Amino acid sequence: MRNVIEANALKLAYPRHEPVIKSATFEVNTGEFVFITGASGSGKSTLLKSMYGSMPLFGGELHVGGMDMGSISGSKLYKLRRHIGIIFQDYKLIKEWSVEKNVMLPLIIAGFPKDVCRAQAQKLLTHVKLSHKSDKYPLELSGGEQQRVAMARALAHNPFLILADEPTGNLDDYSSQVVWDLMERANEELETTILVVTHHIPEMFSAQYRHLMIENGVIYEIH
Amino acid sequence: MRSIRHHLALILPLFAILFCIEYLLVFDRITESYENRLKENYSLILVADRSVKLSDISHCDTLIEKTEPIDAENVLRRIKAGLNHESVEKIRSIMPLFISIKLRRYAGIERIERLKSELMSIAGVRDVHIFEKVHDRLYAMLLFMKISFTVFSMLIGAISLLLLMKQMTIWQFEHKERMQIMSLFGAPVWLRSGVLFRLAIVDALLALIFVVSALLYLVNDSSVRELLSAIGIEPEIILRLDDAAVLAGVSFAIATFSATWVVLRFKEEQ
Chain A
3 MRNVIEANAL KLAYPRHEPV IKSATFEVNT GEFVFITGAS GSGKSTLLKS
53 MYGSMPLFGG ELHVGGMDMG SISGSKLYKL RRHIGIIFQD YKLIKEWSVE
103 KNVMLPLIIA GFPKDVCRAQ AQKLLTHVKL SHKSDKYPLE LSGGEQQRVA
153 MARALAHNPF LILADEPTGN LDDYSSQVVW DLMERANEEL ETTILVVTHH
203 IPEMFSAQYR HLMIENGVIY EIH
Chain B
12 MRSIRHHLAL ILPLFAILFC IEYLLVFDRI TESYENRLKE NYSLILVADR
62 SVKLSDISHC DTLIEKTEPI DAENVLRRIK AGLNHESVEK IRSIMPLFIS
112 IKLRRYAGIE RIERLKSELM SIAGVRDVHI FEKVHDRLYA MLLFMKISFT
162 VFSMLIGAIS LLLLMKQMTI WQFEHKERMQ IMSLFGAPVW LRSGVLFRLA
212 IVDALLALIF VVSALLYLVN DSSVRELLSA IGIEPEIILR LDDAAVLAGV
262 SFAIATFSAT WVVLRFKEEQ
């Protein structure tokens, strides 16, 4: 099984601050569903940012999809990002774009024809139970609905890896359920590798999937 | 409404800049045509004991374009009335040669005075008449107007540029979030800044259309045409095809530069 993520003595720090992650050594294999937990401010989101190249490494090594994140060039980073699906805690939807166009974003970037993008967006919006709101704008939706749109966007281009930062942190039970179901389906049916950072693992998953924990800047394997 | 405001924020300063440029171009042409007219009506008269050719005096100043001997018979014809033949012959024998010196352009009293001294130092030259008064007053007025309009246009241009820079800062803020999200999904620069360039180019085109329309209106307005004719200027001087090309170039260059500036200032947040 190929390593999708490989961290070796990884150290992360913000400028003029003590390292947030002092030592992280772990691997995530293709098709795995992994939770990373930790207290607020423990560096979970920072760790995730380093995986999509938004946080430079302070030390150690990190490989994502076979790319060395410590020395990756700008153009290669953009190419890598085109094959990753990211879900943010604050959704990061483009406000002036319709729900449908937001879901189409990764496909537009990949250069697919408009009708293909539209068909795929509609299919995913049906999965997240929002096909009737495809013409709406993000600010016309609730937080839960916005996160479901973000989920659809993350899956639109069939990424090999989904990185999710507190995906259900602010959501109601129904939206949370839709998001988790979709992630599970993507993992099971498409073998998409999923890495979720959260401060709380839903009970239904607590024993089923791999669990890593960050404490005092060090990452531990729980099970 | 918000969209119109967005467009106007770029179109108005661009319109002002383009209008200033056109004003400078037109005024430059008007002053040039006046200078030419001034030059055509102006010549120095050299009084000499011997024939003076262009090659004898061209070293004095590059301004000298040509020399034309003035026919002495014309002068004699005017003064010979009441004189007998002998007196006329006597006058003819002692009369100096009159040479008209044409200049390439009128250049102001100081340079003309310098030229006069140079000419006076040439052997055989008795006198040089420069007829400076009327021409110099006109020339000074033209220069003053040219400088005033240039300063005024540059001021308006500078204020418009400041407005443009302010608009660029607003753009930077407005487009940052979208560019940030697109960047996180791996969008190349051209794709995430496409909207910005489209906006800039549309606004540049609109500003150009507005300026050209305003100028066409002026060219075809009867009162403007009358006024220009009264001062001896062809109304078509207000807008020429090459002006439109210059304005289009400036408009698209400024708009593209503004968009590029915003794109280059974009930095992905950590």
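Just so you know, the protein sequences line up as chains A and B, in that order. Each position in the first sequence, counted from 1, maps to that position plus 2 in the working numbering. Each position in the second sequence, counted from 1, maps to that position plus 11 in the working numbering. Ideal Cβ placement from N, Cα and C applies to all residues, glycine included. As the structure is a prediction and not an experimental result, all values here were calculated from the model.
Chain B residues whose Cβ lies nearer than 8 Å to that of residue i
{"i": "K13(A)", "result": "None at all; the shortest Cβ gap to chain B is about 16 Å."}
{"i": "I88(A)", "result": "L195, F196"}
{"i": "R84(A)", "result": "F196, G197"}
Cβ distance (whole Å) where residue i is taken to contact residue j below 8 Å
{"i": "I89(A)", "j": "Y54(A)", "result": "Not really, about 11 Å apart at Cβ, beyond 8 Å."}
{"i": "N160(A)", "j": "G33(A)", "result": "In fact, because the Cβ distance is near 14 Å, the residues do not count as touching under 8 Å."}
{"i": "G168(B)", "j": "I22(B)", "result": "G168(B) to I22(B), Cβ: 16 Å. No contact."}
{"i": "R150(A)", "j": "L132(A)", "result": "6 Å"}
{"i": "R66(A)", "j": "T195(A)", "result": "For the record, residue 66(A) in the displayed sequence is Val; it is not Arg. V66(A) to T195(A), Cβ: 10 Å. No contact."}
{"i": "A11(A)", "j": "V22(A)", "result": "Contact doesn't hold; Cβ gap of about 15 Å is too wide."}
{"i": "M190(B)", "j": "R203(B)", "result": "5 Å"}
{"i": "H45(A)", "j": "I216(A)", "result": "According to the sequence shown, residue 45(A) is Gly rather than His. Right, the Cβ-Cβ distance comes to about 6 Å (below 8 Å), so this counts as a contact."}
{"i": "A9(A)", "j": "L64(A)", "result": "5 Å"}
{"i": "R212(A)", "j": "V36(A)", "result": "5 Å"}
{"i": "G72(A)", "j": "K13(A)", "result": "Actually they are not in contact, since the Cβ atoms of G72(A) and K13(A) sit about 11 Å apart, beyond 8 Å."}
{"i": "R84(A)", "j": "A112(A)", "result": "6 Å"}
{"i": "S52(A)", "j": "E279(B)", "result": "At roughly 13 Å, the Cβ-Cβ gap does not stay under 8 Å, so S52(A) and E279(B) are not in contact."}
{"i": "L217(B)", "j": "H17(B)", "result": "At roughly 12 Å, the Cβ-Cβ gap does not stay under 8 Å, so L217(B) and H17(B) are not in contact."}
{"i": "Y93(A)", "j": "A41(A)", "result": "Contact doesn't hold; Cβ gap of about 23 Å is too wide."}
{"i": "T39(A)", "j": "H201(A)", "result": "6 Å"}
Local Cβ density within 10 Å of residue i, reported as buried at 16 or more and exposed below that
{"i": "S262(B)", "result": "buried"}
{"i": "V162(B)", "result": "exposed"}
{"i": "I41(B)", "result": "buried"}
{"i": "Y222(A)", "result": "exposed"}
{"i": "C31(B)", "result": "buried"}
{"i": "P24(B)", "result": "buried"}
{"i": "E168(A)", "result": "buried"}
{"i": "P115(A)", "result": "exposed"}
{"i": "M3(A)", "result": "Interpretation of M3(A) is limited by its pLDDT of 48, a score under 50 that renders its predicted location unreliable; the figure taken from the coordinates is listed afterwards. That one is exposed."}
{"i": "T180(B)", "result": "exposed"}
{"i": "G243(B)", "result": "exposed"}
{"i": "F73(B)", "result": "At residue 73(B) the sequence reads Thr, which differs from the Phe that was named. Label assigned to T73(B): exposed."}
{"i": "P17(A)", "result": "exposed"}
{"i": "Y45(B)", "result": "buried"}
{"i": "G197(B)", "result": "buried"}
{"i": "H19(A)", "result": "exposed"}
Partners in chain A for residue i, counting only beta-carbon separations shorter than 7 Å
{"i": "L21(B)", "result": "The contacting residues do not exist; L21(B) stays about 18 Å from chain A at best."}
{"i": "R16(B)", "result": "Per Cβ cutoff of 7 Å: no residues; R16(B) is ~15 Å from chain A at best."}
{"i": "I192(B)", "result": "K94, I96"}
Same chain only: Cβ atoms within 7 Å of residue i, ignoring 5 sequence neighbours per side
{"i": "C119(A)", "result": "M106, L109, I110"}
{"i": "G260(B)", "result": "none"}
{"i": "L130(B)", "result": "L57, I68, C71, V136, V139"}
{"i": "S62(B)", "result": "L108"}
{"i": "W182(B)", "result": "L207, V273"}
Contact set between residue i and chain B, taken where Cβ atoms lie within less than 7 Å
{"i": "Y211(A)", "result": "Residues of chain B passing the Cβ test: none, with the nearest at roughly 25 Å."}
{"i": "K81(A)", "result": "G197"}
{"i": "L197(A)", "result": "The contacting residues do not exist; L197(A) stays about 16 Å from chain B at best."}
Listed by chain order, chain A residues near residue i by CB distance under 9 Å
{"i": "R209(B)", "result": "Those do not exist, as R209(B) stays about 13 Å from chain A at its closest Cβ, beyond 9 Å."}
{"i": "R189(B)", "result": "I96, K97, E98, W99"}
heavy atom of the ligand MG below 7 Å from residue i C-beta
{"i": "R89(B)", "result": "Absence of the ligand MG from the depicted structure is noted, as is the absence of any ligand whatsoever, leaving it without description."}
Nonlocal neighbours in the same chain, by C-beta distance under 6 Å from residue i, ignoring five residues either side
{"i": "S136(A)", "result": "V101, E102, L127"}
{"i": "A215(B)", "result": "S262, F263, A266"}
{"i": "Y34(B)", "result": "S164"}
{"i": "L239(B)", "result": "P246"}
{"i": "F277(B)", "result": "M190"}
{"i": "L50(A)", "result": "L165, D167, V199"}
{"i": "G146(A)", "result": "L173, D174, S177"}
{"i": "A270(B)", "result": "L207, F208, A211"}
Cross-chain neighbours of residue i in chain B, by beta carbon under 9 Å
{"i": "L107(A)", "result": "I192, M193, F196, A198"}
Beta-carbon contacts of residue i that lie in its chain and below 8 Å, excluding the five residues immediately before and after
{"i": "L65(B)", "result": "I75, K77, T78"}
{"i": "R103(B)", "result": "A83, L87"}
{"i": "V223(B)", "result": "L250, A255, L258"}
{"i": "G76(A)", "result": "none"}
{"i": "E98(A)", "result": "Y139"}
{"i": "K78(A)", "result": "M69"}
CB contact check: residue i to chain E, cutoff 8 Å
{"i": "P161(A)", "result": "The structure shown contains no chain E; its protein chains are A and B."}
Interface residues of the region 111 to 132 of chain A facing chain B [CB-CB below 7 Å]: Legend: CB atoms of the region 111 to 132 of chain A lying less than 7 Å from CB atoms of chain B belong to residues I111.
Members of the region 202 to 234 of chain B near chain A, C-beta cut-off 8 Å: L202
Positions along the region 143 to 177 of chain A whose CB lies within less than 7 Å of some CB in chain B: none
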